[in-house]
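Residue numbers (our numbering): 823 to 1325.
Following this line, the structure appears as structure tokens:
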């Protein structure tokens, strides 16, 4: 989080898309609709978005100035040409119409209301046209006082002329305004260039942190001179609303003399965030109720875990919590889910060999947990990766809402790496984040193939035990190195697709 303290400002200016408005989600929906109308092709929506973004940003900074509708249309046509897709006259209107209809992030309206009640005036400064952004502003319940667009200023961010124009229109000096954005590569540099201050969610990528996430940090409230209660709960799940809430967790505790920003810890955060994003893309998550954890390098009494209330696709490196085994959040905003704490804290505390623990309800592996008898059968080569490495909890015992259930799961895991929880889901335990991810991925693949074979209603052909053991031993010889290469490859692909997991 980048934040520069200022005297209490009179105006807060906001980037719109990715900060207040759900840009990534809306753009993905628009692109999927556009591609659905094209002849047969193999273009991935993420690929079209990445190429479109490149052309759009270049066109914004290339004279002469064009309206955003013209820039978006030209960028889309160039992206289509590059990917050998035919353009259609309605593509641009479909895209800009979808942008205009994009809704705000959850909690945005309430957060803006609280800022207004605290005496701030609010303005949007955006790289768009007046008529396009009007649809978005209409969804903000009248809390925005002014809207300044690139169409009005004749310049796009990060050109300082847009900010100069905004300051002139608002009648403010650099000490009277703070600019807030989730896309500092477009906004924050320009804000600094003209001597203003900025509050941003990340220095890595657009959409990395929406405004409610930025606003609920103590540093933001302190910089804004907000009263202590203002925005304290913005973007966070409320206490005591459901069984998933960990009501006993303490607020953020001091890390003392611990250094929690070493290169090794930062890298572990990034790798774990990548696993959340990969799991989301592959459909391994279930709503907001699954959880991954990892021991913090150099601190065997602390562990990383995702905050409750966020889908895996929303989890980035900076959003991951650090907790201790007693329920204290040592670093991060939010709280862990109750079952996440009681399972993962006990597992890491009781089984030091488990450096990463991934619990999901991914569909195919979970389907095997619903069958009588052994869940995973030794039918194919992928399954043999897990030969002799699985354990089963036969009796479902409800939600893990106290230490006893976490202890039961840890005891059942024993020396195994894969735990099938009957009528529930799976737990994958690894000696590293990379090894846990590798096992999670191949476990779901093995389960998928087994279910397809079973659906054929023909006799199954298991691998003889001696051959299964030999194949397992062959696979395990280079498993650690293969897992490392697998995660490295997956992280490169995330970067290629523009997924902001490192933010």
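Glycine included, every Cβ here is placed at the ideal spot set by N, Cα and C.
| task | Would you give the residue range spanned by the beta strand (DSSP E) that residue 929 belongs to? | result | No beta strand (DSSP E) holds residue 929; DSSP gives it neither H nor E.
| Based on Cα-Cα distance, which residue from 847, 873, 839 and 1264 lies nearest to residue 1319? | 873
| field | Distance between beta carbons of residue 1265 and residue 1187, contact taken as under 8 Å | value | 5 Å
| request: Report the residue from 1118, 1204 and 1244 whose alpha carbon sits nearest the alpha carbon of residue 1253. | output: 1118
| With burial defined as no fewer than 16 other Cβ atoms inside 10 Å of the residue's Cβ, what is the status of residue 1245: buried or exposed? | exposed
| field | Same chain, Cβ closer than 6 Å to residue 1135, five either side skipped, listed in chain order | value | 1102
| query | For residue 1124, which of 1131, 1215, 1132 and 1115 has the nearest alpha-carbon? | reply | 1115
| task | Can you grab the Cα-Cα spacing for the pair residue 940 / residue 1251, in whole Å? | result | 47 Å
| query | Quick one: Cα of residue 1181 to Cα of residue 1112, how far? | reply | 6 Å
| field | Own chain partners of residue 895 with C-beta closer than 6 Å, once the 5 adjacent residues on each side are dropped | value | 914
| query | Cβ of residue 1269 within 7 Å of any heavy atom in the ligand PLP? | reply | This structure lacks the ligand PLP, and indeed carries no ligand of any kind.
| query | If we ignore side chains and look at the alpha-carbon of each, how far apart do residue 1227 and residue 1235 end up? | reply | 12 Å
| task | Assuming residue 978 and residue 1086 form a contact by the criterion Cβ under 8 Å, report the distance between their Cβ atoms to the nearest whole angstrom. | result | With 8 Å as the limit, residue 978 and residue 1086 do not qualify as a contact, their Cβ atoms being about 40 Å apart.
| Buried or exposed (CB count within 10 angstroms, at least 16 for buried), residue 921 | buried
| query | Buried or exposed: residue 1316, going by 16 or more other Cβ atoms within 10 Å of its Cβ? | reply | buried
| task | Please classify residue 1166: does DSSP put it in a helix, a strand, or coil? | result | helix
| message | Just verifying my parser: in three-state terms, what is the DSSP assignment at residue 884? | response | coil
| query | residue 1326 to residue 934, Cα distance in whole Å? | reply | Only positions 823 to 1325 of the chain appear in the structure, and residue 1326 is not among them; the question remains open.
| query | Can you name the start and end residues of the alpha helix (DSSP H) that residue 858 belongs to? | reply | 845–858
| said: For residue 1053 and residue 841, I'd like the C-alpha separation in whole angstroms. | reply: Unreliable placement is indicated for residue 1053, whose pLDDT of 43 sits below 50; no coordinate value is reported for it.
| query | DSSP puts residue 1146 in a beta bridge; with which residues? | reply | 1124
| task | Within the same chain, show all residues whose beta-carbon is closer than 6 Å to that of residue 1162, passing over the 5 residues directly before and after it, in chain order. | result | 1113 and 1127
| request: Pair every Cβ in the region 860–875 with every Cβ in the region 893–908, then say whether three or more of these pairs are closer than 8 Å. | output: yes
| message | Can you confirm whether the region 1166–1180 touches the region 1255–1264 when touching is taken to mean that 3 or more C-beta pairs between the two stretches lie within less than 8 Å? | response | yes
| task | Say whether the region 875–893 touches the region 851–859, bearing in mind that this needs 3 or more beta-carbon pairs closer than 8 Å, one atom from each stretch. | result | no
| Nearest to residue 1211 by CA position, among 1224, 1200, 1222 and 1238, is which residue? | 1238
| Alpha carbon to alpha carbon, how far is residue 992 from residue 845? | 26 Å
| Smallest Cα separation from residue 1189: which of 1142, 1150, 1225 and 1277? | 1277
| message | Taking the beta strand (DSSP E) that residue 1181 belongs to, which residues open and close that run? | response | 1178–1182
| Between which two residues does the alpha helix (DSSP H) carrying residue 1173 extend? | Segment: none, residue 1173 is in no alpha helix (DSSP H) and carries neither H nor E.
| request: Check residue 897 in the structure and name its three-state DSSP category. | output: helix
| In terms of residues, what are the limits of the beta strand (DSSP E) holding residue 985? | No beta strand (DSSP E) contains residue 985, which is instead part of the alpha helix (DSSP H) from 982–992.
| request: With a 10 Å radius around its C-beta and 16 neighbouring C-beta atoms as the bar for buried, classify residue 1157 as buried or exposed. | output: buried
| query | Cβ atoms of residue 1129 and residue 1201: under 8 Å apart, would you say? | reply | no
| request: Identify the continuous alpha helix (DSSP H) that holds residue 1303 and give its terminal residues. | output: 1301–1319
| task | Specify the secondary structure class of residue 1106 as computed by DSSP and reduced to three states. | result | coil
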